[in-house]
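Visitor:
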Amino acid sequence: MTIDTNTKRPIPAGFEHAHATPHSYAAMYAESISDPEGFWGREGKRLDWIKPYSKVKNTNFEFGEVSIKWFEDGVLNACVNCVDRHLPTRGSQTAIIFEPDNPDSPARHITYAELSEKVNRMANVLLSQGVVEGDRVVLYLPMIPEAAYAMLACARIGAIHSIVFAGFSSDALANRINDSEAKVLITADTAPRGGRVTALKSNADAALLNCSEKTRCLVVKHTGDQTTWVQGRDVDLLAQMEQASPDCPPRAMNAEDPLFILYTSGSTGRPKGVVHSIGGYLAFAAMTHEYTFDYHDGDVFWCTADVGWVTGHSYIVYGPLANGATTLMFEGVPTFPDAGRFWQVCEKHKVNQFYTAPTAIRALMAQEDEFVTRHDLSSLRVLGTVGEPINPEAWAWYNDVVGNGKCPIVDTWWQTETGGHLLTPLPGATETKPGSATVPFFGIKPVILEPESGKLLEDNPAEGVLCFADSWPGQMRTIWGDHQRFMETYFQQYPGYYFTGDGALRDEDGYYWITGRVDDVINVSGHRMGTSEVESALVAHAQVAEAAVVGYPHEIKGQGIYAYVTLMHDVEPSDGLRKDLETWVRTQIGPIARPDVIQWAPGLPKTRSGKIMRRILRKIAENDCKSLGDITTLADPEVVDDLIANRMNRG
Ligand code: WTA
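First residue of the sequence shown: 1, per full-length UniProt numbering; consecutive thereafter.
(1) Express the C-alpha separation of Leu141 and Ile33 in angstroms, rounding to a whole number.
(2) Cβ of residue 699 within 8 angstroms of any heavy atom in the ligand WTA?
(3) Taking 8 angstroms as the cut-off, does the segment 39-58 touch the segment 79-92 (at least 3 CB pairs, one atom from each stretch)?
(4) With burial defined as no fewer than 16 other Cβ atoms inside 10 Å of the residue's Cβ, what is the status of Met568: buried or exposed?
(5) Below 8 angstroms on the Cβ atoms is my contact criterion, and I expect Gly428 with Thr21 to pass it. Report the Cβ-Cβ distance as a whole number of Å.
(6) Does the beta-carbon of Pro408 have 16 or more other beta-carbons within 10 angstroms, so that it is buried, or is it exposed?
(7) Going by DSSP, name the residue or residues bridged to Ile561.
(8) Give every residue of the same chain whose Cβ lies closer than 6 angstroms to the Cβ of Lys69, excluding the five residues on either side of it in the sequence, and list them in chain order.
(9) Can you tell me whether DSSP reads Leu127 as helix, strand or coil?
(10) Going by DSSP, name the residue or residues bridged to Met253.
(11) Quick one: using the 10 Å Cβ neighbour count with 16 as the cut-off for buried, is Leu209 buried or exposed?
(12) Would Arg650 be called buried (16 or more neighbouring beta carbons within 10 Å of its own) or exposed?
(13) If you pair each beta-carbon of the segment 488-502 with each one of the segment 438-457, do three or more pairs fall below 8 angstroms?
(14) Under 8 angstroms: does the beta carbon of Asp411 sit that close to some heavy atom of the ligand WTA?
(15) Could you check the C-alpha separation between Glu555 and His86 for me, to the nearest Å?
(16) Rounded to whole angstroms, how far is the Cβ of Ala147 from the Cβ of Val307, which I believe are closer than 8 angstroms?
(17) May I have a chain-ordered list of the alpha helix (DSSP H) segments no shorter than 4 residues that lie completely inside the segment 384-420?
(18) If you drop the 5 nearest sequence neighbours on each side, which residues of the same chain put their C-beta closer than 6 angstroms to that of Val401?
(19) Would you check whether the ligand WTA has a heavy atom nearer than 8 angstroms to the C-beta of Thr385?
(20) Taking the straight line between their C-alpha atoms, what separation do you get for Val571 and Gln543?
(21) Out of curiosity, what's the CA-to-CA distance linking Cys211 and Lys51?
(22) In angstroms with no decimal places, state the Cα-to-Cα distance between Glu582 and Ala547.
(23) Run the proximity test for Glu450: is its beta-carbon closer than 8 angstroms to any non-hydrogen atom belonging to the ligand WTA?
(24) In the DSSP output, which residue or residues are listed as bridge partners for Pro440?
(25) Run through the DSSP bridge pairs and tell me what Trp600 is partnered with.
(26) Does the structure place the segment 219-232 close enough to the segment 111-122 that three or more beta carbon pairs sit under 8 angstroms?
(27) State the DSSP-derived secondary structure class of Lys69, mapped to helix, strand or coil.
(28) Check this for me: beta carbons of Thr356 and Phe336, under 9 angstroms apart or not?
(29) Using C-beta distances below 6 angstroms, list every residue in its chain close to Glu181, excluding the 5 sequence neighbours before and after it, in chain order.
(30) Are there 16 or more other CB atoms within 10 angstroms of the CB of Gly312, so buried, or fewer, so exposed?
(31) Using beta-carbon positions only, say whether Ala207 and Ile177 come within less than 9 angstroms of one another.
(32) Give every residue of the same chain whose Cβ lies closer than 7 angstroms to the Cβ of Asp73, excluding the five residues on either side of it in the sequence, and list them in chain order.
(33) In whole angstroms, give me the CA-to-CA distance for Tyr398 and Ile361.
(34) Would the segment 87-100 and the segment 321-339 be scored as touching if the rule is three or more Cβ pairs under 8 angstroms?
(35) Could you please give me the residues that DSSP links to Ala366 through a beta bridge?
(36) Ignoring anything shorter than 3 residues or poking outside the segment 82-163, list the beta strand (DSSP E) runs there in chain order.
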């Protein structure tokens, strides 16, 4: 069955009173572009300010002078906006529904009043550990309510959190603790997921061996599993919270103070610490949450991402809680105990908006539809996707089988750097096309440039690199400790624009279609990975001389990791060594970086100046060996024949 991707799908019935309709979207978008000061000046007021801002926008994309400021003289507290201000009206409303990994364990409903109490207590524990405004606190936690408490507790006292996804290894954790010079690490004993258990605390112990001795370790005893305990360094966080006062005055913060750091992969070098601000980020997360998902009071919102990624920051915690929403936190995985888990949870908690990644949709689509249809999903109103392009087949299945044709699909394009959605349909306003992220959000000015010349392509259709011509409040402000790298990464190549690293096509209707990364970043199951990070891990192995890593199309993961490895001259390839290398990468970075394919490469294709021709390696990994292009500039063209003859992916 081929799916028609070019005809717009009408907006389903029932969205006549959505926050945005076709007419209001057009008018509001036009205003947001012609008068950003007026538009965002108004939207900033969705937050409560201790001292209102008098300046709205002060941004400069000029290379060498890049500076991004929004609401710069405003004073506020993010935690107050997500918690305190809701207490008079929503104290007894559920803020967080916690659904544990084990479906037989009871779910927990945490009200705004309880959330406030927990956050205040945890903030006081942080203060008692000597954490002060501006200090960094690293969180290495499972998907448990304490993760949200910890984020908000940091925000309350003006500390900057940096969450490290619990799937990262101890080495990766240590690097991030050291890069941000964190004073405190918050972790948990162990983390059950899909019936298996990750030993978070022992990973943390291993990481802390490579960090400053002064780093304190606050431990959430979540499962009660036994862990080692270092006297004087480790603190039983829940026990301390019991002792602490439930009242911790919020710190008055400047809008431009950092709210958090989140490390993400780029095409070169070590992961970058993306810095987000308090005022602009929070206003943008709240606004996009409300409009993109057409969130209304009383709805139950579920984003299945992990809080270790930006999606969890913006759409499990900050956006929903700033809006006084009920947000669901799920500790488990989509396929445990079976492929019906997501739908069972949707039915159980009467979820209204459901937001997940294409990789999960593809994995579930591969199972019987019965896993979906045996559940009552009539509460669902809006379905979202994020993380990578969604293939039209997965879109159609999501639409027909999960949404029963009644739920608009919002395919949201954005990045860690953007803080919130930049390209997305709005449920009541935008007709969709399967596989397209459609049109810009309010205030967003996408452009397509010719990759080589940087020329602005104004007519439709257009294909090239995706850039943005102006700032929005949720934009990242800098790379932690390296503003120069921030400017070079995003503003140098295409002067005057923010460069995303993505390629895109704009069709005759002005709809945007993401064609994938144009740099050496790959997207594995919606997790962003720099190929250079995997390469550095491989070459750090004593038996590896050289390695080159590329992405290749993978049916479920979107992209898989394909590694070409050249061994030291006296080392023989073997299956045992292949397993060793897989384990090695897991410990260096984490399970998400494990290569799907390792091909032994006696040599790598290089130009005479020694540069690896990755284009050729990508083609071979894709099993597309006919169109390798010009290989005459190679120093040693024969290596290509060997790589083709021994390629591992034959279709
Ligand atoms: C990709 C995740 C196509 C894109 C929020 C981007 C997408 C990178 C989509 C950012 C989408 C994200 N359609 N591609 N709807 N959403 N991407 O920083 O390549 O983990 O640059 O942020 O994911 O990944 P990140």
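Glycine included, C-beta positions come from ideal geometry on N, C-alpha and C.
Guide: Here's the rundown:
(1) 40 angstroms
(2) Given a span of 1 to 651 for the chain in the structure shown, any question on residue 699 remains unanswerable.
(3) yes
(4) exposed
(5) 5 angstroms
(6) buried
(7) Gly551
(8) Asn58, Glu256
(9) helix
(10) Leu76
(11) exposed
(12) exposed
(13) yes
(14) yes
(15) 44 angstroms
(16) 5 angstroms
(17) 392-397
(18) Asp369, Val372
(19) yes
(20) 7 angstroms
(21) 39 angstroms
(22) 13 angstroms
(23) no
(24) Leu423
(25) Val565
(26) no
(27) strand
(28) no
(29) none
(30) buried
(31) yes
(32) Tyr53, Ser54, Lys55
(33) 7 angstroms
(34) yes
(35) Ala366 pairs with nothing; no bridge assigned.
(36) 94-99, 108-111, 136-140, 160-163
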